[in-house]
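First to last, the sequence lines map onto chains A and B.
For the first sequence, counting from 1, position 326 maps to 520 in the numbering used here; every step adds exactly one.
For the second sequence, counting from 1, position 970 maps to 972 in the numbering used here; every step adds exactly one.
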Amino acid sequence: MAQGLYNITPLEPLIAAGYTLLTPNFRLARRIKSQWDARCVAAGRQVWDPLSVQPLESWLLAQWELAVSLDLLPPVTPLTSAQALELWRQVISEHELHSPDYHLLQPAAAAELACHARDILRRWQVDMHGRGTRQLFDLDRDCGTFLRWLDLFEQRLVASGQCTLVDCLTQLTGLSGQIPAVKVALLEFTDLAPLEHAALHALSAEVREIERQTTQGECLLHACSDKRAELQVVAAWAAALHRTTPTTTIGIVLGDMGKDRTALEYLLRREFDCLGRNYRSLPVNFSTGISLAQAPLVRDALAVLGMGLQHTTVTTVVGLLRSRFLDLPDAHSTLAQRFVTQLYTSGREVLAVSDLRDAAANVSGDYAQGLAQGPAQGLALGRHLLTLLRMRELRRRARPSLWAARISEMLSIWGWPGSEALDSLEFQQLELWYRVLDEFRAFDAVCGRIAFADALQLLRECCTRQISQPQTADSPVQVLGPLEAAGLTFEHLWLCGMQGTRWPAAPRPNPFIPLRLQSQLHMPHASPEREWDFGAALVQQYANSCLTLHASYCRQAEGVPDQPSALLQNFTPQALPELPMVAIEWTRSCLEVVLEEVADHRAPPLLSAQRSTLKGGSSVLEDQSLCPFRAFARHRLGVAPLGTFSIALSAAQRGSLLHGALFALWGEIGDSATLLDLGAIQQEQTVERAVQAAFAALPAGRRRTIGVAYRELEAQRLAALLHEWLAVERERSAFSVVQREHAITLQIAQLPMVLRVDRVDQLPDGSRVIIDYKSGVCTVQDLLGNRPARPQLLLYGIAEPDAAAALAFAQVRPRDCRYVGLGRVAAAKGISVDIARTVQSRMDEDDWLVLNTRWRQILERLADAFVQGDALVDPLSPATCLRCGLQPLCRVDKSAGLLEDSEE
Amino acid sequence: MNTTVDATARAAAINPLASFCVSAPAGSGKTELLIQRYLCLLSRVSRPEQVLAITFTRKAAAEMRERVMGALQSACTGEPCVSPHQQVTRDLATAAIAADRSGNWSLLQNSSRFNIKTIDSFCAGLTRQMPVLSQFGGQAKVQDDATLLYVEAVLELYTLLDEDHPVAPDIKALLLHFDNNWERVQELLVSLLARREQWRGYVGVHHRPGESETYLIATVAALVSDEVGELAHLLSPHSADLLALLQFSATNLSLPVLPHNFPSDLRTCRRIRQLLLTKDGNWRKSITKREGFPNGRGEQQQRKEQWQALMTQVQQIPGLQSRLVAIQTLPELETGSTSWDLVLHLSRLLPTLAAQLLLVFQKHGALDHSQVAQSALLALGNDDAPTDLALRLDYHLEHILVDEFQDTAITQFELLHKLTRGWGEYNAQYPQAPRTLMIVGDGMQSIYGFRGANVGLFLKARREGFNGVPLQHLELRCNFRSDAGVVDWVNRTFVQAFPPQDDVSRSQIRYSPATAVRPPVHVSPVGMHAFKGVHARTQEVDFICAQIATCAAEGTQTLAVLGRSRSHLQPIYHRLQQLNIPCNAADLHSLAQSPVVADLFTLCRALANDADKLAWMALLRAPWCGLQLADLLCLVQYGAAPPDTPVWSSLQSAELREALSVDGRTRLQYLLPALRWARAKRDRLGLRVWVEQTWLQLGGPQCAPDVKSLRDAEHFLQLLEQAEVEGLGLDLEWLSRRLQTSSMSVDDPDSRIHLMTLHKAKGLEFDRVIIPELDRLPRSDGRALLLWDEHTNTRGERLFLLAADDHCPGDAPTLYNYLKAQQRQKTLLETTRLLYVGATRAVSELLLTACVWWDEKADVPREPSRHSLLSPLWQEFKQHMTLHLSDAASEPLDRSVSARPLARLRRDAVDTSADIDVIDSPPVAGRTVARQNNPVERSIGTVVHLALEELSRRQVLPANTGAQDQRRWRMALQQQGLWGDVLETSVQEVHHAIAQALSANHIGRWVLSAGHSGAHSEWALTTVNAQGVIKDIVIDRSFVDRQTGRRWLIDYKNSRPTPGESLHDFVVRESANYMEQLQYYRDAVRTMGAEPVHCALYFTALGHLHTVTELDLPAADNGINPCVH
Ligand code: SF4
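Here it is, written out as structure tokens:
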């Protein structure tokens, strides 16, 4: 069968006799035409009449148009199927609005079903005005409701002088003999609906159904272990055949095109070696492509249009910044990096576009020396958003056609589709985009004036429906859906996914048509018998159209065992070897190479010039103690994980709120005597003021984004917490607060440091207690050992000229407020003076002063290690890593810590 | 070896005239039984769909379908039967085949006619068939994990806070109570949404808050009165004594006197508890002044004796102690208390939350299984107005079989209830052909309480049946799986470990012993090993691994190590890795834990976001580059660049690269081309191919530690494929979630050695089973913010309670504490059942190991924690364990996270003359975007074309157009998408163009005239050009002018001069534009005729015909034959 994909020899007499050839689909029509054209070229002709071959449906519609132009039929406007669907949606939601007893979860899906139901009913020529029929529908709620919708739908059509495509066919049936009749031949039809029959016979002088001569080839059946293995076998098979005979025609039928296409394409590329360099020369045609909405060009256009709405997400913004299709020249600048980092730090994933606009317009370099342009330049992103803001008409409703114009205008603000030249695929996608805009415009037919959000949604749906696929020349290998392949001829054809559970399919009757009616009239998908006949006919058709027919199935899908389709009973089982899942070259190169190992735990020492500019204060030593690598990465490389999103304030932000409130509180109260004198109402007011002060210190942007409710609640919580804390303070003997957030500078092992001590209390005897506020759980253990987990308190301690009298964490936690610490005076409950006992598990020192000396040594060692560039990956405990976030960089073995995780 | 113990039950189970509840313990061959009954029922129905079998998993459904099919097939082929048991199946299958033939079912061809389904797919089918009744609308995406949707619903709920919604105060109160921690409250509400089938009946969408409140109050009251009543019942023989004693103590403690109808209230019960039990729930040994019994003589002495006597008696009352203990935790709800307020807030807030979820479902067109089930229930109607299902399905459901009923949740239960409505009456009418139900389950294997399964429903169904269809209880006893030795041990051990009685209200199941069918094989089939000492755990692991090693080396037996959680299996897995023993440990590690995947993910992060400095630095540090610390430092500190310069920009600087070490420079020479390539190819290749090719160029596969990890890489890349399919692109959030939930590849999927969790092992069997680390506890989830419980009380009513953490101390009688106690109790029971599931997986050998703590003083092992798996079998274990002492010298497991050297690819210096900046540029189409911008003009053009074509076909050209024509144009313009005002003006324009062409003496009349010869309108031709390219063309108008004998080729254009452009300039411009096209037409036509040719443009809007004289062609010499059309 060297004729290629369709043997037209048997058709020649028909062509000569002037028959119009009708096919079930475009693909076959195109195929036959190109076959015919090839013959004409071979016969040396330069110009000839186009072959009259068409899909049945378009031929019928052309006849309808002809009839209208001859004034045989009244001119009504046929809606496209998308428009009809939109009309259904409107009808359903209208009906729903007036029927309190139901509220659909998926109105759009219902519209599709209803649209389909009407189509079927028309095609099977069911008279929906008949009393009996209507009664049948009214027997149950679903069909009955459909009937109401249908009535509304018809009313709408009539009112606006519109009809659907199937209505056109219906009108044709009444035309018998009025338009010049032609002779038609039907190719490869398995079933025709009664309406199609009627229309054909009304219009044609003669209808011939062409029997295909059968060429029963060999039928083979392959079992594969799973889906992937199956696709792999198919890809390898196709490539091998193609290599031996490049002209051989190969068809691959994918049962589930949507799901498996991408995987098969990849595997074919791998087998045909078209992954890297030869990416564009894969000799394979796919019958479907991707949805236009997913094409990068259009995806970015839609994203940009989304900026006309109220909210967007950080992820979208990051996506825009890397787009090739927008005019954002500074997307890769330092400014942009700073801007993105800020977005992450602000902590909200969903942003108001207005906030985004301000942020992008105002991002500035406070590192003056680094930025040639000077401060507060703002990003192009911000400027575009400002321009967008000026398009006030976005806030008004309009018809789709008007929106189409505005949308183009919006896109031009962003310079879309960019200044870079597009490649040919992108160019095709751009053309498609314009076509979609036309389609969108035409929704004026069914839509009134709609808001921008709805318009964008509609446009997005249009893009999603529109399929983009590279226009390529016919390739020897074709990948097709089950129906598309029917009727085509191949030398080799492979049916994938012939699972017992899917072939034949389980019946899927339309729920809006009474089942009895469906089975009586043999409507499609109505009964298991019909599905079986349908499947069997299809397989027969495949078998007739090739030399060898392969079918494959997998023994299990997602862990569930399955059988081959019963339609394949006559196929001969054949075992093809399964291929390794991993590409052989990968395995080879993995085995060939031995990695080298270098000990790289020490960075160059910190130069003295760099020491003074070091930021981070006490956290440098804390990090050094927790994990030297972490200190190096954070404080010398300046690496920190991007912020994680939260819906409210982050723990750190709440922590600083608490600090701020306590700062204000003690600024007012001052000492224990004042506290004890404070009456309930006064305390109430003082706390209130402290809370207000703390909120005032929050960055304005953040304050706005958290919302009023959160702010109120947080204020209430904070106030309650402060009262709880003051109760702890009231228990203490006399003290006065002498320092709050006091900055001290300190040099420790060559490392200069600026520290901010939360609070210093003085006791009547003049001794000083250093206090560090914590909102988490603290223990004295955090201060002990050679690598104390929270060394900052120790730092504050040694910064005191004479050792402090006590070091204490003020643990300010709801329902668990207390002091935790140690020292030589019991300045509060929870501050231990029994040094020996308190430290015994980790240290030997039993005297306060000796302990302080020891601490100084420990801190000096940590500081020294940092200065020297110690960057060993050595977390204090596995838990340290959990909250660190630097794993990708330090490459600590993740599974190592797991051994511990549930040891109680 | 006794197959007859349950022969009657097995025979009865296939009786099609009755309904059953079958208890089928582990290994009892219930699947075969189900199949037999299924076959039997098939032969009694008129359509196979009328027998519905519901399984727990899709896998089980597939297996059952396969086995039924197998039975039918062998009945057809008539394979010989080897056992009487098989013969039973065969006979039933033969009958079914007969039914198949007579009913024309073609079952053998069409296995989809078997109505064997999971509950989820059955419900999905119902909703599909009833889109309005189920309020579903139509097919939707059902998500297995709908967490993101729940999260969104909660966030939507939060937005109500700023909107003064009626429930705002409730949300606020709840948030405030939980420290305004929105994220934790979010988690809490999310978990509630995930389990909403349990509460929606009480506080769901359609409930008014007041109703819920009343319901909850009533429930608590009923609960208390039930318990009190139960206690009163137990104590009734002793009430006189008790009353006296209580009065006595009350007087002494000056407490209020007790009522006489005793004991009627909770307070009294609590006092009784105090009288009889100590604080921690043990029987009192003595009684003192504190309890109101001062020392003394006379009455005091006498009362104490009376008390003593009473104590001896009441201690004999079975179940009394636990009842008394329970009394302590019974909640006292005081309105106005925090605890109660919280419940009220929740009950007001939940309906709104549920409503928000529906909106989210609607918005995304996606939903969860729970919603499907809920909608299916809705579709079936309520008892007052049931849906006529037969009408919707076109058949009546006649028989239902349900497997694994012990794991049934309430929705399934309700579904069965609705499906069997009216069956009782039907059966009374047709006793010869009744509708039947069979539920099969094993309460002892109920281990899914945490997922909402409620074993109490199994007991309830067994006791009450459904809708007047009673269920006969059949118990299977035979165990076909395990050797007699194992079965005996299991019987002995678990009869003690399980509670003695079934108890619906406490989800309590007693043990029913099994009878072994297989003979004993091993002398000691069950081994129990205890380890003690400092390195006990290490030793235990080593011991287990030694057992595994032996098994792996010899024989063909399968062995499974079954852990309580994944983390419990980790030490064993790591040891096996060290010993190089491959095993099948699926699901032990997530894909994210694979180092190769981690690096790939880093690459994706860097590609996705230039500003992700961490990812970029990590990219430089990964094995394919392996930049050293000094170079990394140099890179970020070089020159005066601000510290947040994107790493990628820094890398561009040649000057900076010069500043690096030689090693660093070399390494970048490898890295940079790959990354440049990646950037140039962004969005130009398939996602997977793009990332994969970049990875390959970086040297990804070479960096993999072993071949197995390449499978992880492949898996990762396949996830990218999937992201592409779902249209997500490089979505890091999605990807990282998928990495967490996907599993790392196993060493060897075909290995006989399996490591898995006990839950996963359900339904499987292995020759040898090891259950390790029995002493270890599950990870504690911390203190739940919210607890709820759904249970069935002694009267078979379902109760639902819900409480939020009220921060009260643990012994306060709050609802929260009560529920907490309940939950703990249920978990303990389930722990025992989990162990039972594990132990019954073993065919011939069972090995149990644990570390034990030693009470050195008494020199006995200490009692293990009640929450450990060891606890239920402690008595047995203690007696028979082999004790292993770990000697101090034994090596502890290597757990240090020691500093590992930087592993990286070797890189030789490349020839620096090679320009690393070279990349292959993307294919560029030199074309720019050309497009007629005005869509309206375009549409008008099209319609004018149509109209002209139509006119040209008329025999007689009219002088004018009619109303009918205008109607047609209007329609055509509408089809082009023009509506409203634009439509009107467009109709006018068309009219103008046509009227102009038709006006008297106008050139248009000549163009359209029917008087020409060889005339065509919209003349379609197929041509082939010199390059062999086939092209279809359409020529608007062509004819041979009779007078001149010239052929005209005319193309219609509806363009106009731009403002200010002269007609001449315009015409020149347009002819230039279309020159090429016209020439092509001309050359094509030339081959068909020898006439001289004129080409022209007809400007419809202007009514102007312009002959493009440049293209004039004289008559051809006779080389060309005119073509015949
Ligand atoms: S993740 Fe752990 S090992 Fe890595 S830097 Fe952080 S603390 Fe250190």
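Beta carbons are placed, not taken as given, at the ideal position from N, Cα and C, and that holds for glycine.
Out of K421/A, C418/A, L380/A, the CA that lies nearest to the CA of V401/A is found in L380/A. Residue burial is scored here from C-beta neighbours: P1116/B has fewer than 16 other C-beta atoms within 10 angstroms and is therefore classed as exposed. At least 8 Å separates the beta-carbon of L222/A from that of V447/A.
Non-local beta-carbon contacts of D777/B in its own chain, meaning distances under 6 Å to residues more than five positions away in sequence, involve A852, C853, P866, S870, L872 in chain order.
If you check each beta-carbon in the region 114-138 of chain B against every beta-carbon of chain A, the ones closer than 8 Å belong to S114, R115, R130, Q131, M132, P133, V134, L135, Q137, F138. In chain order, L41, L44, S45, L74 place their CB closer than 7 Å to the CB of A98/B, counting only its own chain and leaving out the 5 sequence neighbours on each side. Comparing alpha carbon positions, the residue from A487/A, A574/A, A308/A closest to A530/A is A574/A. Note that the region 933-943 of chain A does not touch the region 875-888 of chain A; fewer than 3 beta-carbon pairs, one per stretch, sit closer than 8 Å.
Taking Q1079/B as reference, the option from P1059/B, L1051/B, T604/B, S509/B with the minimal CA-CA separation is L1051/B.
Taking 8 Å as the Cβ-Cβ cut-off, the region 336-366 of chain B approaches chain A at L360, F363, Q364, given in chain order. M775, V776, A777, E779, W780, T781, R782, S783, C784, L785, E786, V787, V788, L789, E790: these are the residues of the region 764-790 of chain A whose beta carbon lies less than 9 Å from some beta carbon of chain B, given in chain order.
In the structure shown, the three-state DSSP call for I441/B is strand. With the criterion set as a beta carbon lying under 7 Å from some beta carbon of chain B, the region 401-429 of chain A has no members that meet it. Runs of the beta strand (DSSP E) lying entirely within the region 405-487 of chain B, each at least 3 residues long, are 438-443, 474-477, 480-485 in chain order.
One Cα belongs to S759/A, the other to Y747/A, and the distance between them is close to 8 Å. Between the ligand SF4 and the CB of T1074/A, the shortest heavy atom gap is smaller than 7 Å. The beta-carbon of A700/A is placed less than 8 Å from the nearest beta-carbon of chain B. Collapsing the DSSP output to three states places W608/A in coil.
The alpha-carbon of G443/B is positioned some 36 Å away from that of R335/A.
Of all residues in the region 640-660 of chain B, only A642, A643, P644, P645, D646, T647, P648, W650, S651 place a beta-carbon less than 8 Å from a beta-carbon of chain A. Beyond the five residues adjoining it in sequence on each side, H289/A comes within less than 7 Å, by CB distance, of R342, W343, L346 in the same chain, given in chain order. Chain-order list of chain A residues neighbouring V519/B: empty, with the shortest C-beta distance near 26 Å, by a criterion of under 8 Å. Residue pairing by DSSP places Y1054/B opposite Y1100/B in a beta bridge. Close CB contacts of F295/B within its chain, under the 8 Å cut and outside five residues either way in sequence, are with F250, S251, N254, I289, Q302, R305, K306, W309 (chain order).
Counted as a single uninterrupted DSSP element, the beta strand (DSSP E) harbouring D955/A occupies residues 945-956.
The CB of S108/B comes closer than 7 Å to the CB of W726 in chain A, given here in chain order. Residues of chain A with a Cβ closer than 7 Å to the Cβ of Q111/B are, in chain order, W726, A760. According to the DSSP assignment, P249/A belongs to the beta strand (DSSP E) that extends over 247-249.
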